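S.K.: This is the structure, below, for whatever I ask next.
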Amino acid sequence: MNILFMGTPDFAVPSLEALATAPEHTVCGVFSQSDKPKNRGMKCQPTPVKVCAERFGIPVYQPEKLRDGTALDLIKMLEPELIAVAAYGRILPREILEYPRYGCINVHSSLLPKYRGAAPINWAILNGEQATGVTIMDMAEELDAGDIILQEETPIGAEENADELYARLAAMGGALLIKAVAQIADGTAVHTAQAHDAHTLAPMLSKALSPVNWNKSAQEIHCQIRGLLPWPAATTDVISGAPMKLFASRVAGERSDQLPGTILHADKTGISLVCGGGSVLCITELQPSGGKRMGAADYLRGHPIQTG
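Just so you know, the sequence shown maps onto residues 70 to 377 in the working numbering.
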């Protein structure tokens with residue numbers, strides 16, 4: 070099958086690799102978002118998908134707009150039978166959705182209809198979900214609302230953060246995409262409508278989610294810290310008096326009758342704070358304001374803390 074792939078970040082790379090190495094398919098081209106300036110030097114960096122495509126010798130196109138006819142002209146030139154999308158970051162207009170013989174399919178990192186939107190991996194952890202997964206779906210004009218072709222579920226580890234889950238789901242997405250394309254090619258794919266009344270949303274993250282409320286339970290704050298990686302990160306000022314980012318934690322087995330936000334212990338195992346209901350959370354990795362990300366033990370060497 071002749072396939073046009075659309076994707077931009079690291080999440081989409083395993084999906085492109087899976088298609089590019091499948092002998093029964095040809096990736097006729099790749100659409101990716103524009104290169105963006107990054108890091109301190111603000112030099113333009115190619116997207117991860119562009120780097121991957123160039124490694125396989127696949128032509129890359131980076132149209133600035135999708136609705137002015139330019140992108141559609143490129144697609145007509147490439148003549149794809151199917152368009153496969155993974156985290157492209159743009160909404161496809163109807164004329165593109167309707168062009169390929171077999172339509173457009175998308176790799177989505179949740180078990181739809183749960184968590185439609187921009188940040189499904191983060192919100193699954195933030196909300197304390199025990200499991201999530203990957204969905205291959207037909208694309209529709211409404212965001213993440215197309216028919217489901219395949220799904221695969223996976224448990225979320227008790228200590229797994231969004232960065233780690235992102236990598237696992239990306240790999241799962243590539244493998245599931247190949248299965249879905251094979252079923253589409255041989256005519257055995259089953260397209261099942263979503264239960265639209267059961268959908269939930271996963272909107273873009275913002276810094277408004279960062280401040281920790283120590284009146285919440287240790288488990289809720291543990292989910293907040295794991296779910297807000299790599300950005301914007303959970304923050305607190307109760308440890309040093311200045312805002313700092315929190316990157317890793319563990320729920321302690323002890324209880325306390327002291328006030329939420331009180332520091333109970335501060336030693337090589339981490340910084341333990343009282344949370345809502347007397348639960349206790351141990352912070353094991355953090356980043357002080359103006360400093361580098363480090364283990365809590367390293368932080369304590371230069372910043373002794375008085376405990377409550």
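Just so you know, even glycine gets a beta-carbon here, dropped at the ideal spot from N, CA and C. Remember, predicted model here, so these are calculated numbers, not experimental data.
If we count the other Cβ atoms within 10 Å of its Cβ and call it buried at 16 or more, is Asn284 buried or exposed?
M.R.: Flag for Asn284 reads exposed.
S.K.: Have a look at the DSSP bridge pairing and note the partners of Pro224.
M.R.: In the DSSP output, where bridge partners are listed per residue, Pro224 has Ala200.
S.K.: Do Thr305 and Leu298 have their C-beta atoms closer together than 8 Å?
M.R.: No; because the gap between Cβ atoms is not below 8 Å, this pair is not in contact.
S.K.: Evaluate Glu148 with the Cβ neighbour count: other Cβ atoms within 10 Å of its Cβ, from every protein chain shown; 16 or more gives buried, anything less gives exposed.
M.R.: Classification of Glu148: exposed, given that the 10 Å Cβ count is below 16.
S.K.: Locate the beta strand (DSSP E) running through Arg324, then write down its first and last residues.
M.R.: That run of the beta strand (DSSP E) goes 313-324.
S.K.: Would you say the beta carbon of Val343 is closer than 7 Å to some non-hydrogen atom of the ligand ZN?
M.R.: With respect to the ligand ZN, the structure offers nothing, as it holds no ligand at all.
S.K.: Is DSSP giving Ala335 helix, strand or coil here?
M.R.: Here Ala335 sits in strand by DSSP.
S.K.: Are the beta-carbon atoms of Gly197 and Cys292 separated by less than 8 Å?
M.R.: Yes.
S.K.: Evaluate Ser101 with the Cβ neighbour count: other Cβ atoms within 10 Å of its Cβ, from every protein chain shown; 16 or more gives buried, anything less gives exposed.
M.R.: With 16 or more Cβ atoms within 10 Å of its Cβ, Ser101 is classed as buried.
S.K.: Taking DSSP as the reference, what is the three-state secondary structure of Gln102?
M.R.: In the structure shown, Gln102 sits in coil (DSSP, three-state: anything other than H, G, I, E or B).
S.K.: Taking 8 Å as the threshold, find out whether the segment 169-184 comes into contact with the segment 256-271 through three or more Cβ pairs.
M.R.: Yes, since at least three Cβ pairs between the segment 169-184 and the segment 256-271 fall closer than 8 Å, the two stretches touch.
S.K.: Using the beta-carbon count (16 or more within 10 Å), is Val349 buried or exposed?
M.R.: Buried: at least 16 other Cβ atoms inside 10 Å.
S.K.: What whole-angstrom Cβ distance do Leu195 and Glu221 have, given they're in contact under 8 Å?
M.R.: The Cβ separation is near 22 Å, so there is no contact.
S.K.: Under 8 Å Cβ to Cβ from Asp134, same chain only, skipping five residues before and after it: list those, please.
M.R.: Note on residue identity: the sequence assigns Lys, not Asp, to residue 134. Around Lys134: Ala140.
S.K.: Based on DSSP bridge pairs, tell me the residues matched to Asn175.
M.R.: DSSP output for Asn175 lists Val154, Met206 as bridge partner(s).
S.K.: Give the range of the beta strand (DSSP E) segment to which Lys53 is assigned.
M.R.: Here the chain covers residues 70 to 377 and nothing more, so residue 53 does not appear.
S.K.: Tell me where the alpha helix (DSSP H) around Thr139 begins and ends.
M.R.: That run of the alpha helix (DSSP H) goes 139-147.
S.K.: Rounding to the nearest angstrom, what Cα-Cα distance links Ala254 and Pro106 in this structure?
M.R.: Spanning the two alpha carbons is a distance of roughly 39 Å.
S.K.: How many Å lie between Glu289 and Leu88 at the Cα?
M.R.: Cα-Cα distance, rounded: 39 Å.
S.K.: Give the straight-line distance between the Cα atoms of Ala240 and Ser178, rounded to the nearest whole angstrom.
M.R.: Near 11 Å, if we compare the C-alpha coordinates of Ser178 and Ala240.
S.K.: Once you ignore the five residues that flank Ile247 on each side, which residues in its own chain have a CB closer than 8 Å to its CB?
M.R.: Result list for Ile247: Ala87, Leu88, Ala91, in chain order.
S.K.: Tell me the residue span of the alpha helix (DSSP H) that contains Cys292.
M.R.: 287-296 is the extent of the alpha helix (DSSP H) around Cys292.
S.K.: Can you give me the start and stop residues for the alpha helix (DSSP H) that Met241 sits inside?
M.R.: Looking at the DSSP string, the run of the alpha helix (DSSP H) that includes Met241 is 231-255.
S.K.: Using CA coordinates, which residue listed in Val118, Asp104, Lys119 is at the minimum distance from Lys112?
M.R.: Checked all of Val118, Asp104, Lys119; the closest Cα to Lys112 is Asp104.
S.K.: Skipping 5 residues on each side, what residues in its chain have a beta carbon closer than 8 Å to that of Ala231?
M.R.: So the list reads Ile190, Asn191, Ile194, Arg295, Gly296, Leu297, Leu298, Pro299, once near-sequence residues are dropped.
S.K.: So the candidates are Thr338, Asp207, Val281, Ser341; which of them puts its Cα closest to the Cα of Pro312?
M.R.: Pro312 has its Cα closest to that of Val281, out of Thr338, Asp207, Val281, Ser341.
S.K.: Does the pairing of the segment 360-370 with the segment 319-332 give three or more beta-carbon distances under 8 Å?
M.R.: Touching, no, given that fewer than three Cβ pairs across the two stretches are closer than 8 Å.
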